[in-house]
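Q:
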Amino acid sequence: MDEITITTQPKSGYVIRNKPLRLQCRANHATKIRFKCSSKWIDDSRVEKQIGTDSTSGVGYVDASVDISRIDVDTSGHVDAFQCQCYASADDDQDVVASDIATVHLACEFKEKIKSTSRSSFFGNFFEYLKQGKF
């Protein structure tokens with residue numbers, strides 16, 4: 001079998017309110033892709049997979065994606081960054097290739113508020129957020 005190569009790496013990003021972050025991965029010469037986030041495997045039932053063959057090169061590939069929600073990040077128990085990787089392998093799991101690490105961040109209400117306020121009212125809002133314990 002040819003060497004497994006990951007051609008699409010998962011990208012870091014933000015979960016915004018109730019909109020999950022979609023992580024995507026593509027691997028050539030693989031038959032399986034799994035995702036692992038903060039040391040825990042994502043259940044395969046959550047992973048959308050598509051297996052195909054590149055029409056130009058004839059190389060087999062697997063495309064996989066998973067949505068990471070705010071609940072995933074909140075319930076991970078990690079105070080550090082919530083990080084995910086995809087792992088591509090063949091049926092025998094002898095050769096496993098790991099992707100680059102993608103970091104999933106939660107969008108902060110305060111950051112969104114700053115973007116929508118004028119510079120002159122920034123400090124007033126900042127101190128109000130401090131009083132409310134939102135920062």
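Counting in UniProt numbering, the sequence shown runs from 1 upward without gaps. Yeah, the Cβ is synthetic: ideal placement off N, Cα and C, and Gly gets one too. Please read all numbers here as calculations on a predicted model, not as lab measurements.
So for residue 59, helix, strand or coil by DSSP?
A: For the purposes of this step, residue 59 is identified with residue 59 of the sequence shown, where counting begins at 1. DSSP places residue 59 in coil when its eight states are reduced to three.
Q: Please state the DSSP three-state secondary structure of residue 47.
A: As a working note, residue 47 is residue 47 in the sequence shown. In this structure, residue 47 counts as coil in the three-state DSSP scheme.
Q: Are the beta-carbon atoms belonging to residue 81 and residue 34 less than 9 angstroms from one another?
A: The residue you call residue 81 lines up with position 81 of the sequence shown. The residue you call residue 34 lines up with position 34 of the sequence shown. Contact: no.
Q: Can you tell which of 3, 10, 28 and 69 has the C-alpha that lies nearest to the C-alpha of residue 57?
A: Taking the sequence shown and counting its residues from 1, the one referred to as residue 57 is at position 57. When only C-alpha atoms are compared, the closest one is 28.
Q: Give me the DSSP bridge partner(s) of residue 13.
A: Your numbering for residue 13 matches position 13 in the sequence shown. Residue 13 is bridged to 104.
Q: Measuring only the C-alpha atoms, how far is residue 50 from residue 23?
A: Counted from its first residue, the sequence shown places residue 50 at position 50. Counted from its first residue, the sequence shown places residue 23 at position 23. Each residue's alpha carbon lies about 14 angstroms from the other.
Q: First and last residue of the alpha helix (DSSP H) that includes residue 71?
A: Within the sequence shown, residue 71 is the residue found at index 71, counting from 1. That run of the alpha helix (DSSP H) goes 70-74.
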